[in-house]
Structures are given as C-alpha cells and as structure tokens.
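A.B. asks:
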Amino acid sequence: MISLKINQTNYFLKENISILEACRFVGDIIPRFCYHETLSVAGNCRMCLVRLETDDKLIVSCVNDISDNMEIFTDDAFIKKAREDVMEFLLLNHPLDCPICDQGGECDLQDQAKIYGNNHNRLFFNKVTVDDKNFNSFIKSIMTRCIHCTRCVRFSTEITGKDFFGTLSRGHSTEIGSYSEDYFDSEISGNVIDLCPVGALTSKSYAFKVRPWELKTVESIDTTDSLGSNTYINFSESSVLRVLPKYNSEINENLISDKARFSYDSLVNLTLPGSLGRSQKVNLKSNLSELIKKLSITAKKSKVLILVNEDTTFELLQYLNSISTKNSNIAIKLFSKDTFNNPNFFNNYNSRIQDFYSANLNCFLFATNPRTEAALLNKRLRFLNYNNFFNVYHFGYKYVSNYKIFFSNLNVDSILSVLEGKSLFFSNLFSKFESPLVLFGLSLAQRGLSFSTLETTLRASNPSAICFNIVLKSNSVGTSLLNFQPVTGSDFLKSSSYIIVDAEENISLRKILNFSNKEIFWVNNSLLQISTKKLQNLSSFFFAPFFQGIFINLECRPQKSYGINSLGESETSYFKIFNTIFNFNSDSNKNFTLLNLFLNEIVANPLKFSKSSKKSYLESVLNSKNFIVNNNLLSCYPIKSSIIDFYRTNNTTRLSKNMQVASKELDNRSHNFI
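Counting in the numbering used here, the sequence shown runs from 21 upward without gaps.
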C-alpha cells in the first residue's frame, strides 16, 4: 500500500496504478477524453492534467503512476485554467451542430464544455472540415466532429485485431480514417460507437430517431448466440430503438456483438403467412379464443407432436416437458436445423468464462470458429494470445482469424485419435501441458459426436483440461438439461397433429407447411416470415414478448431477461393457453425456483446427466444404434464451422434489414465483386 495526499486528504492505495485511476477510486473524477479502461493509454487529449506539490509543471494523470508520499492537486485555479485552454483547442474546429447531433445528451464534450468552456472565441480563421467516410453498414461517420482521441484506433488494433483506423497527416491537418478503401468487417465493430466520446461515430440505424432522455430502459440479454451477453434495451412507447451493452465482467465485459446491437429492427418486419401464400401483418386481436378451442378438441382426440427449437425460453420448455410427462398422447421434440444429435449434458458443467485466464500455455480448438460462433469469447482468446499468455491450435477447416492460430485440417478420425492420445505429435503436445483450454464446436455434435463422450475421452489423457462446448442457440443448454431429443420421421407419422412453437425457418418446416395433410397449429413468439402454398390446414396465433424469459448460456448460467411487449400487451400468455388446451395447471412464477433446484441436482449428481464409456470413442460412435454413417465419410470428410454467415443465424437476425445489408456487403467484398 502507498500513502499519498489528494487535495490535502490522506489515502492508502495499492501500487502500480495511475494518478487518474487513484483519483477515481477515491471519488475524485478527473475529466478525460482519450483514456478508457479497456484500452491502452494514449495521453493525447491533455484534459486530465493535474499538479504535484513538488512540481509547478502540470502532468498528465493517465500516464503517470502514483508513488509513496505523493501530494496531488486536481481542482485548483491553475489546473482549471489549463483545462479551459485545452477545451478551447478541442472546440477550435468542432462544428456547432449539437441540435442535430445524435450524441446530444450523451456527449462527453458537451458535459466538459459546460464546465470548462469559454464564453468567447479567439478563432479568426475558417474551421477545418473533414470528409465523411463509409466504414461499414452500421457506423455513421461525421469526421468534422472528431477530436482525435484515437479510441477507435486503439479499439480496432487491440480489441478487434484489425488495423483499420489510423491517424492521417500531422498537426493542423490530422484526421482519423483508414489507410485504404477497406471495410471494417469485425463482428464487434459497433462497440466503437460507444467508445467515441463525441458524435463523430454514431449508429446509422439510430440516426435522427429520438433523444436519449425520451427513452425508457429495460435490462435484457442477447439471444442471438449462446453467450447471453447482458444488454440494455432502449425503447420509446412500444418501439425498440437501440440496444446497448450492460457491463458484466464475467460474461461480456462492456461489449456486445453486432448481431445483438443491430438486429432489433427485425420487429418492424414481423409478418405471418396469409392467404394464398402472401404475408400479412401480425394481428394480436385475431380469433384467439376460437383457435384455442379448436386446438383443445384436437389435443383430446389424437396424438399431438409439439415441436420447439433451441431459442425457446427455459420456462416454456420446462412447462411443456411437464405436460408431456403426464400425458402419453403428447410428445415434445426439438425442431432445429442446428441439432443433428442431441448432446448429453457435459461433465464439466461448472466451467466458466473466467477459467480462460487460468489456462496454461495452450488453447485447442476442435472444429469451431469462435469468431463467428461466439464473437466475445473470441475477443478473450485474442487478448490472451496477443499478450502471449498461450498459443492457439485449431483442428479442423481453416478460417480467417484475427490472431495467430496454428491450423491442422484434420478429419473426424484424426481428431478422435488426438483426443485418445494416439496421435504422436499432437497428443504429446496436448498431454504435456497442465490445464489447457479446449473448445469443441457444434459441427462435431452434428456428426453425432456427443459432447459428454468427447470430454470423457479427453480427460482420460489430460484430467486437468478446461473444456468448453460452444453451442449456437440461446437455450441449447436448456434443451440438453431437459434431455429433449431431435424430431425424426417416425415422430411425424405417429402424430395426428402438430403444434409448432417458436418455429425457425428451414427446408423441413417448409415441407411440413406445404405438403402435410395433418392439422398444424402454429404458436409463435419468434420472428418468422415464410411464404407457403398450401395453408388450409394451418392455424396460427402470435405473442411478442421481446426476448422475455429465462435462458441458460453455454457455461450453464441461468439469466432472466425482462423484456417488453413490442407490439402491445397481450391479454393471455403461453402458460394460460396451454393450461386451457391440455387441461393442465401450472404456476409460471415457480419456474425460476424449479430451475435453481434442477441445477442444484446436477451439481449433486453430475453422473446422472452424463454417460461415460471406457471403449474407444470412435468405436462407440460407429456401434451406436442412433448413429448410422458410412465409415469412410466419418473418417475422410473435413470439419468446418457450423456458421456460414455470421449476420444471419436465427429468426431474429434473418428478418433484420441491418443484418441483411451487412451480410450482403460482406459477401460482395469477400468475393471481390458487387
């Protein structure tokens, strides 16, 4: 601990922190523009000037560390005058367009100008203007407002791994831009909007919509991937206008992916199938009571197949599971194109993202591309690799990465040999390190290779390995906890009617809607747009809570999202509908308590939810009754990521025009044609 004085008050603080951090810790907030907690220190805005007792010259507080017996002054007249001069220089070429700036009300420059700005101007020349630039389909730039804090430059270099932004020219002609006519194609590029302290970089989709003081805020989570990043939803009346990150050091820190930030506009495009295959706008006031009555009669007379996907909330999954347990005529199956073989719940159920930092020297990726499957996990891997904490080895199809990876394009047979310790080079590399980090991709599960047996095989050769299974959907872990199985052709033949809950658009669903002669009921709170040819046997009703419910992320962390009804309040809920249909009574408020009890049972009896085998894993897979595959296909076919297009992975992102534009732009540039 170090003893020092700040504004004539004694404090004891830890060593190796800057003066700015020390003052912030004791509650004395020093103004700054270039400094940010997650970025390296630049010290070029000169707004955080302070004075030491032993030196009359002002120093930059973000660059200099504290020392023993140091006496610091942060608010005397000399410092205030210096900050007024700095502010005058910053406003020298800044335009006076606050009434039309989207940063208005949230602008650091506005806040500091109110305190340190002068009431007169000594500028006698025309202001310097800078041309606006097109960085990508999300970021709107008005570069004349830029104050050269270089936060965007450091973000692109240090966080995204792409040297996109840079400073051009020198002195009076300095400007921020890119060195080439490139495209900022990072999966987390939208976070640069939050970093910009002025209105130089803002959101294109949010432009000229509303002022920040007119917005209401509700906490939510990201449901476009399995990480469950914490977010704030800003809305006005019943319209969602933007999504911002909520700080959570254990999951997403202060970042979110571009899918989470910009896909909210899919609510505007919400449609349901109409007559003659034409889409029509959703009508919550449709004949809901008649549909429920019709479905109740059907459920009593025949066998019903309920199809759900891995984006459905855990409360509803648990509720439907309770119904099917007490009624033999009702079957619950997974209906998702991303599920080939339902993985048993993995042994290392309590792995956490924070365990990344306890991994030793090496990280092994098996058939996964974290950049597209879990962008914020990839950011942590890049940070650790960039700071030389460990090397990264990838087994599977090569992809474009933003950090150094040693690729080995192995097939399934070779990957299993590595896990079983039969590969001379890679197995020795894997087994000699303590606590390596191992990430499995979903494409292995789609081949029928369950996560639990993969991990069991892995731990036989290295018991201290930190294992992670990267799933794609927001509640894939929840479906595994409830042991939901994927639907098969025999399930369709045995059932007299189908109830499709939260359906996701794919070829199988189109075939069911167009060619099935059985009664189909469509209960939806997802965002789906399908054109069908034959709709006489289709009955649909819709509810639109905006991502409201419990979701379990890939580290088995339950999180509850408090959403909004973006299309207006509905008089009924899922639970009331199914209570009426199946004559089943349940209290939806107890679901979160039941979830906690369920997870506690997993902690107490992990072997109950996972099956291990002493046989060779390849042998157990080939002999499985549920897995029929050509041995040559399993052995020879290369493995690659399950995601082809990062921007369009589920119903929400497919309906989003922001995601459609970004996907098309990236595809055009990657193929070098427009």
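Backbone N, C-alpha and C fix where the C-beta goes; we use that ideal spot for every residue, glycine too. As the structure is a prediction and not an experimental result, all values here were calculated from the model.
(1) Would you decide whether S269 is buried or exposed? Buried here means 16 or more other CB atoms lie within 10 Å of its CB.
(2) May I ask which residues mark the beginning and end of the beta strand (DSSP E) holding Y252?
(3) Give me the Cα-Cα distance between E257 and V263, rounded to the nearest whole angstrom.
(4) For S581 and N138, what's the separation of their Cα atoms in angstroms?
(5) Report all residues from its chain with a CB closer than 8 Å to the CB of L72; omit the five preceding and five following residues, and keep chain order.
(6) Who are the near neighbours of V458 in its chain, counting only those whose CB is closer than 6 Å to its CB and skipping five residues on each side?
(7) At what residue ranges does the stretch 391-473 contain a whole run of the beta strand (DSSP E), taking only runs of 3 or more?
(8) Please go through the same chain and pick out, in chain order, the residues whose beta-carbon is closer than 6 Å to the beta-carbon of R703, but skip the five residues on each side of it.
(9) Let me know if L513 comes out buried or exposed under the rule of 16 or more other beta-carbons within 10 Å of its beta-carbon.
(10) Quick one: residues in its chain with C-beta nearer than 6 Å to the C-beta of S277, no 5 flanking neighbours on either side, listed in chain order?
(11) Among S246, D433, K266, which residue has its Cα nearest to the Cα of V238?
(12) Whether or not the stretch 240-247 and the stretch 173-185 are in contact is what I'm after, with contact meaning three or more pairs of Cβ atoms, one per stretch, closer than 8 Å; do they touch?
(13) In the DSSP assignment, find the beta strand (DSSP E) that holds E195 and state where it starts and stops.
(14) For L221, report the span of its beta strand (DSSP E) as first-last.
(15) Where in the stretch 112-154 do unbroken runs of the alpha helix (DSSP H), each at least 4 residues long, occur, reported from the N-terminal end onward?
(16) Below 8 Å on the Cβ atoms is my guess for Q132 versus P51; work out the distance and round it to an integer in Å.
(17) What do you reckon, are the CB atoms on I22 and E35 nearer than 9 Å?
(18) Among the residues of its own chain, which have a CB less than 8 Å from the CB of N143, if the five just before and after it don't count?
(19) So, are the CB atoms of C172 and F185 less than 9 Å apart?
(20) Go ahead and pull the three-state DSSP assignment for Q374.
(21) Closest by CA to V218, which one among V328, D128, Y339, E273?
(22) Could you compute how far the alpha carbon of S516 sits from the alpha carbon of K323?
(23) Confirm, please, whether the CB-CB distance from D331 to K493 is below 9 Å.
(24) What does DSSP give as the partner residue(s) for Q338 in the beta ladder?
(25) Buried or exposed, going by whether 16 or more other CB atoms sit within 10 Å of the CB of I39?
(26) Could you check whether the Cβ of L529 sits closer than 9 Å to any Cβ belonging to chain D?
(27) By how many angstroms is the C-alpha of P119 removed from the C-alpha of T164?
(28) In whole angstroms, what separates the C-alpha of N154 from that of N688?
(29) Measure the beta-carbon distance from N573 to G248 and round it to whole angstroms, keeping in mind my assumption that it falls under 8 Å.
(30) Where does the unbroken beta strand (DSSP E) through E104 begin, and where does it stop?
(31) Can you tell me which of the three DSSP states C487 falls into?
(32) Compute the beta-carbon to beta-carbon distance between T388 and G498, rounded to the nearest angstrom, for a pair I have assumed lies under 8 Å.
(33) Who are the Cβ neighbours of F612 in its own chain at under 8 Å, not counting the five residues just before and after it?
(34) Which residue comes first and which comes last in the beta strand (DSSP E) that contains S23?
(35) According to the neighbour-count rule (16 or more other Cβ atoms, all chains shown, within 10 Å of its Cβ), is N503 buried or exposed?
(36) Mapping the DSSP letters down to three states, classify P232 as helix, strand or coil.
C.D. replies: With the structure as the only source:
(1) By the 10 Å Cβ count, S269 comes out exposed.
(2) Unbroken beta strand (DSSP E) run through Y252: 250-256.
(3) Approximately 15 Å, taken between the alpha carbons.
(4) One C-alpha to the other measures close to 45 Å.
(5) By the criterion of a C-beta distance shorter than 8 Å, L72 is surrounded in its chain by I79, M90, E91, I92, F93, once the five residues flanking it on both sides are discounted.
(6) Only F384, A485, C487 meet the Cβ criterion.
(7) Runs found: 410-415, 426-428, 457-460.
(8) As shown, the chain starts at 21 and ends at 694. That puts residue 703 outside it, with no answer to give.
(9) If you draw a 10 Å sphere on the C-beta of L513, you find fewer than 16 other C-beta atoms in it, and that means exposed.
(10) Correct list, in chain order: E207, I208, A395.
(11) Distances from the CA of V238 to each of S246, D433, K266 were compared; the closest alpha carbon is that of K266.
(12) No, the stretch 173-185 is not in contact with the stretch 240-247.
(13) That run of the beta strand (DSSP E) goes 195-198.
(14) Looking at the DSSP string, the run of the beta strand (DSSP E) that includes L221 is 221-223.
(15) Whole alpha helix (DSSP H) segments, 4+ residues: 128-136.
(16) The beta-carbon distance between Q132 and P51, rounded to whole angstroms, is 5 Å. This is short enough to meet the 8 Å contact definition.
(17) Contact check for I22 against E35 passes: the beta carbons are separated by less than 9 Å.
(18) The sequence given here has Leu at residue 143, not Asn. Excluding positions up to five away in sequence, the list reads L112.
(19) One thing to note: C172 has its Cβ within 9 Å of the Cβ of F185.
(20) Helix at Q374.
(21) The candidate whose alpha carbon is nearest that of V218 is D128.
(22) So the alpha carbons of these two residues sit roughly 5 Å apart.
(23) In terms of Cβ geometry, K493 and D331 form a close pair [threshold 9 Å].
(24) In the DSSP assignment, Q338 forms no beta bridge with any residue.
(25) I39 is buried by the Cβ-count criterion.
(26) Protein chains in the displayed structure number just one, and chain D is not present.
(27) Each residue's alpha carbon lies about 16 Å from the other.
(28) C-alpha separation (whole angstroms): 15 Å.
(29) About 3 Å separates the Cβ atoms of N573 and G248, confirming a contact at the 8 Å cut-off.
(30) Here E104 belongs to no beta strand (DSSP E); instead the alpha helix (DSSP H) covers 97-110.
(31) Strand.
(32) Taking the Cβ atoms as the reference, T388 lies roughly 20 Å from G498, outside the contact range of under 8 Å.
(33) At F612, the pLDDT of 44 sits below 50, so the modelled position is not reliable; the number obtained from the coordinates is stated separately. These residues qualify, in order along the chain: E335, I570, P578, K580.
(34) 22-26 is the extent of the beta strand (DSSP E) around S23.
(35) It is exposed - the Cβ of N503 has fewer than 16 other Cβ atoms within 10 Å.
(36) Helix at P232.
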